[in-house]
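Notes to accompany the following structure.
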């Protein structure tokens, strides 16, 4: 049930998205009491835009411990927030100023919500492409590090801009994605290197978690939507004028130029 308090929380977050004015956190009277209320708020906030994709956050044990949960969280990426590789991203007002390297799966078939869980083979049969991505997260809270899981979920798991790389053309389906090394370069210098295992042990595992989480919430997934499976390596601090490139040697790269018009 969507209460007046949840509606009020959602409107505060929508206003923060629209005018760029942050709040310390949601006022105590309208803070979500649990994860489900956080997702109810998120659904209202995300409904302003067509959902192009989904993100998985808190895929590491350290990230989960930091927000006091034992599993990942999900966010929704609106179509207006998805950028093409080799373009530019406006980081004006971005509080986090970070870039993250991620593996991305794109669906070629629908995955309707159902009572029974999807197994990994069913899910992968609905995946049409693997891509690389760069997440440029942000929060509507000044105190995002102290907000806790329900409020972070309400804030769309810090979803902001996302750079979607081209389809990987080689035959990747037989590859061990957990062992694939993925590098993030900042202005031509290697900033961090991780592997697919950073994403919940394997990007496919993160994908399966997201599909079943969304299905349990009675939300359908559609062909053309994508799932980005969580940061590999460390989040990297960036600044205005930076060039960010994410690369897997045998798969190719995705890149973006960062601008700040302030």
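In this note's numbering, the protein residues as written are 922 to 1183. Virtual Cβ for every residue (Gly too), placed ideally from N, Cα, C. Just so it is clear, the structure is predicted and the values come from calculations on it, not from any experiment.
| Query | Result |
| --- | --- |
| Over the uninterrupted beta strand (DSSP E) stretch that includes residue 1158, give me the two end residues. | 1153-1158 |
| For residue 1027 versus residue 1051, is the C-beta spacing smaller than 9 Å? | yes |
| Assuming residue 1175 and residue 1167 make a contact with CB atoms under 8 Å, what is their CB distance in whole Å? | 5 Å |
| How would you write the range of the beta strand (DSSP E) that residue 943 sits in, first residue to last? | Segment: none, residue 943 is in no beta strand (DSSP E) and carries neither H nor E. |
| Within this structure, are the beta carbons of residue 980 and residue 1181 separated by less than 9 Å? | no |
| When burial is assigned at 16 or more other CB atoms within 10 Å of the CB, is residue 961 buried or exposed? | buried |
| Grab me the residues of residue 1030's own chain with a C-beta within less than 8 Å of its C-beta, minus the 5 sequence neighbours each way, in chain order. | 1046, 1047, 1049, 1144 |
| Helix, strand or coil, according to DSSP, for residue 1005 in the structure here? | strand |
| By alpha-carbon positions, which one of 1039, 1081, 1105, 987 ends up nearest to residue 996? | 1081 |
| Which residues mark the beginning and the end of the alpha helix (DSSP H) in which residue 1069 is found? | Segment: none, residue 1069 is in no alpha helix (DSSP H) and carries neither H nor E. |
| So the alpha helix (DSSP H) residue 1041 belongs to, where does it begin and stop? | 1041-1046 |
| From the DSSP output, in three-state form, read off residue 987 for me. | helix |
| What does the alpha-carbon distance come out to for the pair residue 1193 and residue 976? | As shown, the chain starts at 922 and ends at 1183. That puts residue 1193 outside it, with no answer to give. |
| Alpha carbon to alpha carbon, how far is residue 1087 from residue 1007? Give it in angstroms, no decimals. | 10 Å |
| Given a cut-off of 9 Å on the beta-carbon distance, is the pair residue 1093 and residue 1172 in contact? | yes |
| Kindly identify the DSSP beta-bridge partner or partners of residue 1166. | 1106, 1176 |
| Output the boundary residues of the alpha helix (DSSP H) element that contains residue 957. | 956-967 |
| So the candidates are 965, 1119, 1079, 1164; which of them puts its Cα closest to the Cα of residue 1106? | 1164 |
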